[in-house]
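Worksheet for the structure shown next.
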Amino acid sequence: MLTLDPGLAVRTAEAAAGRGRLATVFAEAQHLYRAVADGPDVQLSVHSRGGTGLSCVSSDGVRHRHLPSVDDETLPLLVAALRDPGPPAPPGHGRPWRYEHDLDAAERLAELVALASETVSLAEPGVTVGRVSGEALVSTVFVAREDGLVREDHRTSLELRISALARRGDATARALRVVSAERYGTVDRGTVRAAARSAAAAAARNLDAVDVPVGELPVVLAAGGPAALLHEVCGHGLEADVARHPGSAYHGLIDRKLTTVPLTLIDSPTAPHGAGLYRVDDEGEPAQEVTLIADGVLRSYLHDRRTALSGGGRAHGHGRRLSYAHPALPRMSSTYVAPGACPAEEVIASTARGLYVESILSGETDMSSGRFSVRVTSGRLIEHGRLTAPVRETTLAGTGSEVLAGIDLIGDDLRFLPYGYQCNKLGQFPLTVSVGQPTLRVARLAVTGP
Amino acid sequence: MNLPAHLTTTGSSYPADSPSPADSSSPAGRYLDDCRALLDAVARAGIEVADLHGVRESLDALTVSADGGRAERAGVTVTTRLRVWLDGRQATVLLADPAAADPEETAALARALARRATAAPGTASPAVVDGAPTVTDGVPAVTDGVTTVTDGVTTGLLPGPAGTEAPLPAQDRLAPLVRTLAARRSGPAALGTEHVRTHRCTVIARTPERAVGFEHVQHHVWHWREGLGGHRLDGLTAPAFADLDFARLDDRTDEFLALHTALHTAVREPLGRQGRIRVLLRPEVAAHLVRSLGFLLCAGNVLSGMRPLLERIGRRIAAPAVTLVDDPLLPGGSESAPVDAEGTPTARALLLEEGRLRGFLTNRAGAAALGVTPTGAARCPNLARRTLEGPSNILLAEGTVSPAELRDQLDDGLEAVAVTQPGRIRGRRGTFVTEVLGWRIRGGRRVHPVGPVRLSLGIFELLRSVEATGNDAVASYLATGARTPSVLVGGMEVG
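Protein chains in written order, with our numbering: chain U, 16 to 465; chain H, 20 to 514.
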């Protein structure tokens, strides 16, 4: 899809860098197919985006220029614009892009979305209705750098968000299930049907939900999606541009013990189980697995080229950007907790009274202090070591260090939620991330109510 | 009551100053022409109904982080949304610059996508659905980059902002940003600050002949710093850099930091009250209430869950202190626009006048359902999302007394200064809920800090409980478009 001359792109980066600086040409072209079912209708859309950015990086900052075109004519305009204030003048009308659309893929996406919507409605007739959306991403990124490196990466993902709404009299309840994978072939109709039935059953069950008692409780986080909590409380704070600020939550804690149990936290853009995101990051660095916390001890921060240059660290493939219109930042990719030794059912059985968290929808973290609040959208009470009543939406709050220090049991059932979350940092939103974890218990965590 | 000028005049203008002539050879003019060319191709492809909404944005941003690092970002982005209806099926194509793609190929893609969508049996292409255009919209007008009015609809490129703003030297922008970061070393950490200038050209079109383009320049300054319950964002907007009121932002920051420091250093005292408490909502808190009211009084919301309001037009539903206006033509307003997201010319809408319900905000579908003329309330801040009804610049009228006098009137209660959870109206019964930081007031004086405190009340009871508004109206940064003074409320539920 991209039509840039690699040699010219490298020369562009060289010219932008000058002496002692780094420079990256980043170009992208992507199609995002989207299908939405609301009742029997399925609407289809495609969002096509393309452009070129040029970032010049020194130890004290970044200069970035961008234009919504991908051709050789754009490159000298970006170099010239780096010297001037204000946005660059766009090129005249160049060659039209050749949109290479895969309409069969869009049609298959629409079929899966319609199947999920119909299954929700039939699962609990008269009780549940579905609202289902699906997205399929096909993206190509191109990177050329001042050191002569040229890389191209092809990225794909598929995600279905199956929301079920249950009604009984005046009472309403919702449940959400997400089906995601790196590509179409790995999602079959049976998987979609099972997820839709699960969403419908959960929504119907949630009609009888009770309020969670407010206060500090043991909290058991189910395997998979609830890893979004660790994404919130650890990830941003462990990104080098944040972590190196004096006073930030994890500043100066390398080689310090953060947990009482041997927890290992990994960020891997090429994570297993279909949760990988890319092979080359948005600065051309090969995607590498980084062990952030090993057996409870903080070992590394996440770096991009700028933080590596200024902080003496090593860039390891975590420079990510929302689009060609943004410079790269150190960002999480697929963050997961390695499995422990405790059988998952024992984690619940050993909890006399607490909250079992099945799904976390959104969160907010103060990147500096590590304070967070997240919404629990689906969960159960734990009473006498057993899962009992479903609970209404509630909020968890605390600090990252409290959560890490409070983890006292790690299950053996690692699961991932590939592409399931959208991450925000400094306005670069939404950036897709994957998360994963086994069942975890936090001995005490503040439940602050709806 | 001291109504601001823009609430009492009978007309307002867009933009504020004398406009420059429309220039069809400008980037905005070229973009408008490219959008028309795409719609021409769509018509040739045999598509029954289509509409187009596009934004071309030129952006220039300077960010300073707490460690002194700078990031400069400048460039152009274009997002153009083409929606088509074919045999009752809808499809959407979002692309960048329409000139960067072959219009015939884009039209063919839209047609092919629509054919692959599904529709319930018997569904026809709608005349008006979610802002879709009608095909019976009258005789097209011939335009050549000059604005034309046909059947009450303005077409062409509307006059742009007055004059041309030269790129700002980095040093001019840097100095106030660095001052914002550096001035307060004793309080919570400042994590970053940014100045962003955006120059947008928006195109709304139903057919090539019925396309309108307009430009909007906006300056934003924002900073974020550590707060209770998460990082705290605050900022300013203005149509020109010179109009950014950094002193006002500094004052708000000082107010927040004093409260934050007091909450961290003082011995925590309970609020000392359960149940109802009298509350003074300062503008930063009241803004979320005012914006929520804007959504409450949208036709679609009223028709779906608040039908009794239809019978209350002309009757009192709020205290006499409440006068609420939505003004999309407010000079310098962050949400000002001459047409809405469906191309309807916008107009100021009086919603509440001294407590009496005067009207609702309507897009085309809402207006059709109510049998009224649309107010131009179709909003689409994100072209990947649906177009919905919503407020633009929504303004609560000022009163005559100062915040200090309102504090005296409060006597014994809570002064809510900042939010930790922005307020919104929840549930079928319409309860306004927010979580705030503030001060316990006794004898009209601040005695100790409190918070976070959850405040709630049914929205209509809250409206009836408004005792007075202050003379300190300001535009909110986070509750986009809301401009409100302090509001004294007779009682809200605590906890």
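C-beta: ideal position from N, C-alpha, C; glycine also.
Chain U residues whose Cβ lies nearer than 8 Å to that of residue 77 (chain H): Start at 1 with the first residue of the second sequence, and residue 77 (chain H) comes out as number 58. By Cβ distance, chain U contributes 102.
Partners in chain H for residue 75 (chain U), counting only beta-carbon separations shorter than 8 Å: What you label residue 75 (chain U) is simply residue 60 of the first sequence in a count that begins at 1. 87, 88 and 89, listed in chain order.
Listed by chain order, chain U residues near residue 111 (chain H) by CB distance under 9 Å: On the second sequence, position 92 is the one that residue 111 (chain H) refers to. Here the neighbours are 49, 58, 59, 60, 61 and 62.
Residue 90 (chain H) beta carbon less than 8 Å from that of residue 82 (chain H): Taking the second sequence and counting its residues from 1, one reaches residue 82 (chain H) at position 63. Taking the second sequence and counting its residues from 1, one reaches residue 90 (chain H) at position 71. For residue 82 (chain H) and residue 90 (chain H), yes; Cβs fall inside 8 Å.
Runs of beta strand (DSSP E) lying entirely within the segment 222 to 256 of chain H, each at least 3 residues, in chain order: 230 to 246
Top-ranked residue by Cα proximity to residue 460 (chain H), from H:473, H:428, H:451 and H:474: Against the second sequence, residue 460 (chain H) aligns to sequence position 441. The option with the nearest alpha carbon to residue 460 (chain H) is H:428.
Bridge partner(s) assigned by DSSP for residue 376 (chain H): Residue mapping note: residue 376 (chain H) aligns to position 357 of the second sequence, counting from 1. Paired residues: H:371.
Test: residue 114 (chain H) CB closer than 8 Å to a CB of chain U: One-based indexing of the second sequence puts residue 114 (chain H) at position 95. Cβ-Cβ to chain U under 8 Å: yes for residue 114 (chain H).
Separation of residue 313 (chain U) from residue 21 (chain U), as counted between CA atoms: Mapped onto the first sequence, residue 21 (chain U) falls at position 6. Mapped onto the first sequence, residue 313 (chain U) falls at position 298. Answer to the nearest angstrom: the Cα atoms are 39 Å apart.
C-beta contact flag for residue 130 (chain U) and residue 78 (chain U) at 8 Å: Counting from one through the first sequence, the residue named residue 130 (chain U) turns up at place 115. Counting from one through the first sequence, the residue named residue 78 (chain U) turns up at place 63. No. Outside cutoff.
Under 8 Å between C-beta atoms of residue 51 (chain H) and residue 71 (chain H): By 1-based counting over the second sequence, the position of residue 51 (chain H) is 32. By 1-based counting over the second sequence, the position of residue 71 (chain H) is 52. In this structure, residue 71 (chain H) does not lie closer than 8 Å to residue 51 (chain H) by Cβ.
Of the listed residues H:421, H:314 and H:419, nearest to residue 382 (chain H) (C-alpha basis): Along the second sequence, one-based indexing puts residue 382 (chain H) at 363. Checked all of H:421, H:314 and H:419; the closest Cα to residue 382 (chain H) is H:314.
Chain H within 8 Å of residue 426 (chain U), Cβ atoms only: Along the first sequence, read from residue 1 onward, the residue named residue 426 (chain U) stands at position 411. Closer than 8 Å: no.
Distance, residue 351 (chain H) Cα to residue 217 (chain H) Cα: Position 198 of the second sequence, counting from 1, holds the residue named residue 217 (chain H). Position 332 of the second sequence, counting from 1, holds the residue named residue 351 (chain H). So the two alpha carbons sit approximately 14 Å from each other.
Host beta strand (DSSP E) of residue 144 (chain U) (start-end): Working through the first sequence from its first residue, we reach residue 144 (chain U) at position 129. Start and end: 143 to 160.
Residue 81 (chain U), enclosing beta strand (DSSP E) - first and last residue: Taking the first residue of the first sequence as position 1, residue 81 (chain U) is located at position 66. 76 to 82 is the extent of the beta strand (DSSP E) around residue 81 (chain U).
Neighbour list for residue 342 (chain U) in chain H, Cβ cutoff strictly below 8 Å: In the first sequence, residue 342 (chain U) corresponds to position 327, counting from 1. The answer, in chain order, is 90 and 92.
Residues near residue 318 (chain H) in its chain [Cβ-Cβ closer than 6 Å; skip 5 each side]: Stepping through the second sequence from its first residue, residue 318 (chain H) is reached at position 299. Cβ within range, chain order: 379, 381, 385 and 389.
Between the CA atoms of residue 54 (chain H) and residue 530 (chain H) - distance to the nearest angstrom: Any answer about residue 530 (chain H) is impossible in this case: the structure gives chain H only from 20 up to 514.
Coarse secondary structure for residue 381 (chain U), derived from DSSP in three states: Taking the first residue of the first sequence as position 1, residue 381 (chain U) is located at position 366. No answer about residue 381 (chain U) holds up, because its pLDDT of 49 lies below 50 and its placement is not dependable.
Reference residue 357 (chain U), options U:322, U:399 and U:422, closest by Cα: Walking along the first sequence from the start, residue 357 (chain U) turns up at place 342. Ranking U:322, U:399 and U:422 by Cα distance to residue 357 (chain U) puts U:422 first.
Residue from U:222, U:450, U:345 and U:244 whose Cα sits closest to the Cα of residue 188 (chain U): In the first sequence, counting from the first residue as 1, residue 188 (chain U) sits at position 173. Closest option to residue 188 (chain U), Cα to Cα, is U:222.
Rounded C-alpha distance that separates residue 511 (chain H) from residue 471 (chain H): Within the second sequence, numbered from 1, the residue matching residue 511 (chain H) stands at position 492. Within the second sequence, numbered from 1, the residue matching residue 471 (chain H) stands at position 452. Going from the Cα of residue 511 (chain H) to the Cα of residue 471 (chain H) covers about 15 Å.
Proximity to residue 228 (chain H) [Cα-Cα], best of H:362, H:78 and H:368: Working through the second sequence from its first residue, we reach residue 228 (chain H) at position 209. With distances taken between Cα atoms, residue 228 (chain H) lies closest to H:362.
Whole-number beta carbon distance between residue 235 (chain U) and residue 362 (chain U), since they are thought to touch under 8 Å: Here residue 362 (chain U) is taken as the residue at index 347 of the first sequence, counted from 1. Here residue 235 (chain U) is taken as the residue at index 220 of the first sequence, counted from 1. That pair is a contact at about 6 Å.
Burial state of residue 296 (chain U) (16 or more Cβ within 10 Å): To locate residue 296 (chain U), count along the first sequence from 1; it is residue 281. The residue is buried, with at least 16 neighbouring Cβ atoms inside 10 Å.
8 Å Cβ cutoff, residue 406 (chain H) in contact with chain U: As a position in the second sequence, residue 406 (chain H) is number 387, starting the count at 1. Output row for residue 406 (chain H): interface = no.
Beta-carbon proximity of residue 39 (chain U) to residue 158 (chain U), cut-off 8 Å: Residue mapping note: residue 39 (chain U) aligns to position 24 of the first sequence, counting from 1. Residue mapping note: residue 158 (chain U) aligns to position 143 of the first sequence, counting from 1. Yes.
Secondary structure of residue 345 (chain U), DSSP reduced to three states: Counting from 1 along the first sequence, the entry for residue 345 (chain U) is found at position 330. Looking at residue 345 (chain U) - three-state DSSP - the assignment turns out to be strand.
Which listed residue (U:328, U:417 and U:343) has its alpha carbon closest to that of residue 334 (chain U): In the first sequence, counting from the first residue as 1, residue 334 (chain U) sits at position 319. Of the candidates U:328, U:417 and U:343, the one whose C-alpha sits nearest the C-alpha of residue 334 (chain U) is U:343.
Cβ shell of residue 192 (chain H) (< 6 Å), same chain only, five flanking positions each side left out: Taking the second sequence and counting its residues from 1, one reaches residue 192 (chain H) at position 173. Here the set comprises 81 and 214.
Chain U contacts from the segment 92 to 107 of chain H (Cβ-Cβ distance under 7 Å): 92, 93, 94, 95, 96 and 97
Residue 237 (chain H) burial status per 10 Å Cβ neighbour count (16 or more: buried): Working through the second sequence from its first residue, we reach residue 237 (chain H) at position 218. Answer is buried; the Cβ neighbour count reaches 16.
Continuous alpha helix (DSSP H) stretch holding residue 428 (chain H): start and end: Here residue 428 (chain H) refers to the residue found at position 409 when the second sequence is read from its first residue. Looking at the DSSP string, the run of the alpha helix (DSSP H) that includes residue 428 (chain H) is 422 to 429.
Beta carbon of residue 316 (chain U) nearer than 8 Å to that of residue 254 (chain U): Taking the first sequence and counting its residues from 1, the one referred to as residue 316 (chain U) is at position 301. Taking the first sequence and counting its residues from 1, the one referred to as residue 254 (chain U) is at position 239. A contact, by the Cβ cut-off of 8 Å.
Residue 271 (chain H) CB to nearest heavy atom of the ligand FAD below 7 Å: Absent from the structure shown: the ligand FAD. Ligands present: none.
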